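Peer 1:
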Amino acid sequence: MSTVECLHRWTIESRHRTSEGTVVYHRCHCGRHRVTRETPGQEAVGISSPTYRP
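So for the sequence shown, the numbering used here puts the first residue at 3; every next one is plus one.
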């Protein structure tokens, strides 16, 4: 990746309901991935830092 930081445009790869809310897997066009958890009535919470898969 270049030295210019990416302005992430996250797209949803998949989402799964769990006992603690909905876990959502996102992917950016730059190759980074992240995971968030959505709980009814609350904002999505990041449960991972963006990671890069070469």
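Glycine is no exception: its CB is placed at the ideal position from the N, C-alpha and C atoms.
The structure displayed is predicted, hence computed values, not measured ones.
Could you tell me which of S21, V25 and G48 sits nearest to E15, measuring between CA atoms?
Peer 2: With distances taken between Cα atoms, E15 lies closest to V25.
Peer 1: CA-CA distance, S50 and Q44?
Peer 2: Cα to Cα, the separation comes out at about 18 Å.
Peer 1: Residues in its own chain within less than 6 Å of W12 by CB, not counting five upstream and five downstream?
Peer 2: Once the five neighbours on either side are set aside, the close Cβ partners of W12 are H28 and C30.
Peer 1: For G23, collect the residues of the same chain with a Cβ closer than 7 Å to its Cβ; drop the 5 residues on either side in sequence, then sort them by chain order.
Peer 2: Excluding residues within five positions, the ones whose Cβ falls inside 7 Å are R39, E40 and T41.
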